[in-house]
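In what follows, a structure is listed as structure tokens, so that the remarks can point back to it.
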Amino acid sequence: MTLQEPRLCQVSVGAGLLGNADGHYQKRFSDLRGLYADSAAFGRLLEERGQEVAYEVTSYTPGSRVSDLILGVTRMEPGKVGDEYFLTRGHIHARGDRPEIYYGQAGHGLMQMESPDGEVRILGIGPQSICYVPPFWIHRSVNLGPTDLVMMFAYPADSGQDYGIIERSGGMRVRILDDGQGGWKQVENPAWQPRSASEIAAILGGAA
Ligand SMILES: [Fe+2]
Numbered sequence: 005m006t007l008q009e010p011r012l013c014q015v016s017v018g019a020g021l022l023g024n025a026d027g028h029y030q031k032r033f034s035d036l037r038g039l040y041a042d043s044a045a046f047g048r049l050l051e052e053r054g055q056e057v058a059y060e061v062t063s064y065t066p067g068s069r070v071s072d073l074i075l076g077v078t079r080m081e082p083g084k085v086g087d088e089y090f091l092t093r094g095h096i097h098a099r100g101d102r103p104e105i106y107y108g109q110a111g112h113g114l115m116q117m118e119s120p121d122g123e124v125r126i127l128g129i130g131p132q133s134i135c136y137v138p139p140f141w142i143h144r145s146v147n148l149g150p151t152d153l154v155m156m157f158a159y160p161a162d163s164g165q166d167y168g169i170i171e172r173s174g175g176m177r178v179r180i181l182d183d184g185q186g187g188w189k190q191v192e193n194p195a196w197q198p199r200s201a202s203e204i205a206a207i208l209g210g211a212a
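Residue numbers for the sequence shown follow our numbering, so the first one is 5 and each next one is one higher.
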């Protein structure tokens with residue numbers, strides 16, 4: 005068999021990019037309709053910054069098997085929509101039993117996670133902290149700070165992403181808001197709908 009070539013990728017912390025990457029995508033504010041609670045504030049953001057990059061990902065994909073590891077860097081702009089901190093769309097892995105790690109490089113934020121049956125876990129992430137996202141947790145990141153949130157990540161290459169799981173439930177169960185005192189608070193999202201027992205079973209059963 006022919007072995008894959010080892011590869012060195014340099015993280016540019018200041019730029020929030022991975023060097024020697026083979027993938028790059030950008031999400032603009034205009035791509036994030038429907039994510040935020042305050043639609044009037046989001047409308048103002050679109051008018052002012054709709055075509056600017058909200059977050060971007062540079063990555064290296066060595067293959068497509070479970071034994072290949074996609075790695076990359078994600079960079080998210082700082083800011084808020086109304087009182088709600090900037091966030092990524094979030095997803096569960098299409099193969100739900102695949103985990104992921106995030107390694108903070110710059111800035112300060114949160115990894116917001118939700119289990120299929122609606123349990124919530126929120127962990128702070130910053131430079132030199134590593135967040136392990138176990139299998140089956142929906143995950144998104146939130147930028148709490150005044151600067152870019154930059155993280156390195158890695159996950160099995162066959163994981164895939166299901167973004168619809170959040171839309172189907174009316175968003176994630178809680179929203180992360182400015183508490184008005186320099187910190188954050190989590191508030192229940194009234195639009196959130198619990199997943200059905202059959203949907204939960206289908207997600208967890210996908211491990212078989
Ligand atoms: Fe992921």
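For each residue, glycine too, the CB sits at the ideal point set by N, CA and C.
Own chain, CB closer than 8 angstroms to residue i, minus 5 neighbours either side, in chain order
i: Ala-212; result: Caution applies to Ala-212, whose pLDDT of 47 falls short of 50 and renders its modelled position unreliable; the model cannot decide the point.
i: Leu-208; result: Gly-100, Pro-120 and Phe-140
Euclidean distance between Cα positions of residue i and residue j
i: Val-1; j: Gln-14; result: In the structure as shown, the chain begins at 5 and stops at 212. Residue 1 is therefore absent and cannot be evaluated.
i: Ala-19; j: Cys-135; result: 21 angstroms
i: Gly-27; j: Asn-147; result: 23 angstroms
i: Gly-175; j: Pro-10; result: 40 angstroms
i: Pro-194; j: Gln-8; result: 49 angstroms
i: Glu-51; j: Ser-200; result: 38 angstroms
i: Glu-171; j: Gly-38; result: 9 angstroms
i: Gly-184; j: Met-5; result: 59 angstroms
i: Arg-102; j: Trp-196; result: 25 angstroms
i: Arg-179; j: His-95; result: 15 angstroms
i: Gln-190; j: Asp-182; result: 9 angstroms
Chain-order list of residues whose beta-carbon lies under 6 angstroms from that of residue i (same chain, five-residue window excluded)
i: Ser-93; result: Correcting the residue identity first, residue 93 is Arg in this sequence and not Ser. Only Tyr-167 meet the Cβ criterion.
i: Tyr-29; result: Val-61
i: Ile-126; result: Leu-114 and Gln-116
i: Ala-158; result: Leu-73, Leu-75 and Ile-105
i: Glu-112; result: Per the sequence shown, the amino acid found at residue 112 is His instead of Glu. Excluding positions up to five away in sequence, the list reads Gly-130, Leu-148 and Gly-149.
i: Asn-3; result: Since the displayed the chain opens at 5 and closes at 212, residue 3 lies outside it and no answer follows.
i: Leu-153; result: Met-80, Gly-111, Gly-113 and Asn-147
i: Gly-67; result: Ala-161
Where the beta strand (DSSP E) through residue i begins and ends
i: Glu-203; result: Not the beta strand (DSSP E): Glu-203 falls in the alpha helix (DSSP H), residues 201-209.
i: Leu-114; result: 113-118
i: Gly-27; result: 27-32
i: Val-124; result: 124-129
Neighbourhood of residue i by C-beta, 7 angstroms cutoff - its chain only, sequence neighbours within 5 removed
i: Arg-69; result: Ala-161 and Asp-162
i: Val-85; result: Tyr-40, Asp-42, Ala-45, Phe-46 and Leu-49
Beta-ladder partner(s) of residue i, from DSSP
i: Ala-192; result: Correcting the residue identity first, residue 192 is Glu in this sequence and not Ala. Glu-192 pairs with Val-178.
i: Gly-108; result: Met-155
i: Leu-22; result: Val-15
* To do: Can you check the region 131-190 for any alpha helix (DSSP H) of at least 4 residues that lies completely inside it and give the ranges in chain order?
  => 168-172
* To do: Any chance you could list the alpha helix (DSSP H) runs of at least 4 consecutive residues sitting entirely within the region 35-106, in chain order?
  => 43-53
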